[in-house]
Amino acid sequence: MPKIIAVVNQKGGVGKTTTVINLASGLTILGKKVLVIDLDPQGNTTSGFGIDKSILNKSVYNTILGEHQIDQTFQSVHLNNNNKVFICPSTADLSGADIELFDIDDREWILKKSLRESNLESFDFILIDCPPSLSLLTINAFTAADSLLVPVQCEFFAMEGLAQLNRTIELVVERLNESLKIEGLLLTMFDSRNNICKTVAAEIKEFFKDKVLETVIPKNVKLAESPSFGKCIFDYDYNCLGAISYLNLSKELIALNGGSFIEKIIR
Numbered sequence: 006m007p008k009i010i011a012v013v014n015q016k017g018g019v020g021k022t023t024t025v026i027n028l029a030s031g032l033t034i035l036g037k038k039v040l041v042i043d044l045d046p047q048g049n050t051t052s053g054f055g056i057d058k059s060i061l062n063k064s065v066y067n068t069i070l071g072e073h074q075i076d077q078t079f080q081s082v083h084l085n086n087n088n089k090v091f092i093c094p095s096t097a098d099l100s101g102a103d104i105e106l107f108d109i110d111d112r113e114w115i116l117k118k119s120l121r122e123s124n125l126e127s128f129d130f131i132l133i134d135c136p137p138s139l140s141l142l143t144i145n146a147f148t149a150a151d152s153l154l155v156p157v158q159c160e161f162f163a164m165e166g167l168a169q170l171n172r173t174i175e176l177v178v179e180r181l182n183e184s185l186k187i188e189g190l191l192l193t194m195f196d197s198r199n200n201i202c203k204t205v206a207a208e209i210k211e212f213f214k215d216k217v218l219e220t221v222i223p224k225n226v227k228l229a230e231s232p233s234f235g236k237c238i239f240d241y242d243y244n245c246l247g248a249i250s251y252l253n254l255s256k257e258l259i260a261l262n263g264g265s266f267i268e269k270i271i272r
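In the numbering used here, the protein residues as written are 6 to 272.
(1) Can you pull the DSSP bridge partners for Leu11?
(2) If you draw a straight line from the alpha carbon of Ile9 to that of Asp129, how long is it in whole angstroms?
(3) Scan the stretch 66-119 and note each continuous beta strand (DSSP E) run of 3 residues or more that stays entirely inside, going in chain order.
(4) Cys93 and Ile75 - do their beta-carbons sit closer together than 7 Å?
(5) Does DSSP classify Asp215 as helix, strand or coil?
(6) Pick from Val157, Leu120 and Leu170: whose alpha carbon is nearest that of Leu139?
(7) Spell out a yes or no on whether the stretch 177-185 and the stretch 210-227 are touching, meaning 3 or more CB-CB pairs, one atom from each, closer than 8 Å.
(8) Could you name the residues that DSSP lists as bridge partners for Gly31?
(9) Suppose you measure from the CA of Gly264 to the CA of Leu228; what does that come to, to the nearest Å?
(10) Can you tell me whether Phe239 is helix, strand or coil according to DSSP?
(11) Measuring from the CB of Lys210, is there a heavy atom of the ligand FMN at a distance below 6 Å?
(12) From Met6 to Leu120, what distance separates their C-alpha atoms?
(13) Give me, in chain order, the residues of the same chain whose beta-carbon lies closer than 6 Å to that of Leu258; leave out the 5 immediate sequence neighbours on both sides.
(14) For Met6, report the span of its beta strand (DSSP E) as first-last.
(15) State whether the stretch 76-89 contacts the stretch 217-231, with contact taken as three or more CB pairs (one from each stretch) at a distance under 8 Å.
(16) Whole angstroms are fine: how far does the CA of Leu40 sit from the CA of Asn124?
(17) Quickly, what does DSSP pair Gln158 with across the bridge? List them, please.
(18) Along the beta strand (DSSP E) that carries Leu40, what are the first and last residues, could you check?
(19) Assuming Ile56 is part of the alpha helix (DSSP H), what are its boundary residues?
(20) For the stretch 49-60 and the stretch 135-149, state whether three or more C-beta atom pairs, one from each stretch, are separated by less than 8 Å.
(21) I'd like the list of long-range same chain contacts for Lys16, defined as Cβ closer than 7 Å, with 5 residues on each side in sequence excluded.
(22) Classify Ile109: buried if its beta carbon has 16 or more other beta carbons within 10 angstroms, exposed otherwise.
(23) Can you give me the C-alpha to C-alpha distance between Ala102 and Asp111, rounded to a whole angstrom?
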């Protein structure tokens with residue numbers, strides 16, 4: 006079975022969607038088969054892969070409502086050099102899912118049930134892009150996931166947001182998913198010239214110790230630009246610092262899960 010990783014932070018603007026897009030693409034470049042599930046109603050991951058949400062007939066919304074299984078709603082996105090990522094896209098309909106599911110029994114288990122009943126054995130990784138809030142969609146992701154990847158922007162209120170997230174994780178482990186682990190904390194938008202960035206990064210490393218990943222994602226103009234072109238960073242500028250960092254993250258994640266890789270890209 007694939008490793009299921011939910012990418013989450015209850016604080017927005019921390020590089021969550023950027024991480025999902027570029028980690029999925031990086032893992033694919035390294036020879037892994039990856040499925041992305043866009044559970045964020047904003048659908049930025051879907052758009053970031055160049056998908057036009059307005060013409061979609063099926064999306065993760067249909068899965069959440071129990072109309073289609075995951076393996077009936079995903080599609081492939083072709084990257085350069087014949088690599089491809091698979092994505093279960095999001096649409097604006099998903100924004101009303103919490104209300105629509107309010108009186109449904111076992112509503113926290115819908116995504117996990119669909120993943121179990123879908124034919125996904127050929128995938129190596131499944132990445133779930135969570136909403137930046139503690140919604141029923143987020144709880145579904147936590148219940149379905151093996152582990153959580155937490156992007157953390159190196160800014161003043163980072164520790165406060167992590168404390169809130171940690172309380173949520175404890176509740177989920179206690180009531181819904183006792184095997185849920187933290188895959189790692191990923192420092193994002195790091196600027197070595199900024200003293201606050203350096204101080205916050207040091208505090209996070211001191212408090213969370215080995216839970217903080219070695220890879221650090223820098224503040225990078227190309228990373229900010231690439232989603233507006235519907236491209237991952239590797240298709241936009243493979244040689245920029247942002248691309249190098251996300252490829253390093255992909256290698257680190259594979260190593261943490263006991264795997265090996267072959268880089269499948271023509272430079």
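For glycine and all other residues, C-beta sits at the position ideal for the given N, C-alpha and C.
Looking at the atomic coordinates:
(1) Note on identity: in this sequence residue 11 is Ala, with Leu being the wrong assignment. Answer is Ile133 and Leu153, bridged to Ala11.
(2) Rounded to whole angstroms, Ile9 to Asp129 spans 9 Å at the Cα level.
(3) 80-83 and 89-93
(4) Yes.
(5) Here DSSP, grouped into helix, strand and coil, assigns Asp215 to helix.
(6) Leu170
(7) no
(8) In DSSP, Gly31 forms no bridge with anything.
(9) Computed Cα separation, rounded: 27 Å.
(10) helix
(11) Ligands in the displayed structure: none, and consequently the ligand FMN is not present.
(12) 10 Å
(13) none
(14) Counting along the chain, Met6 falls outside any beta strand (DSSP E), and DSSP gives it neither H nor E.
(15) no
(16) The alpha-carbon atoms of Asn124 and Leu40 are separated by roughly 12 Å.
(17) Gln158 is bridged by DSSP to Thr193.
(18) Counting along the chain, the beta strand (DSSP E) containing Leu40 begins and ends at Val39 to Asp43.
(19) Note, Ile56: premise wrong, no alpha helix (DSSP H); not H, not E.
(20) no
(21) For Lys16, same chain residues with a beta-carbon under 7 Å away, outside a window of 5 residues either side, are Pro137 and Gly166 in chain order.
(22) exposed
(23) 14 Å
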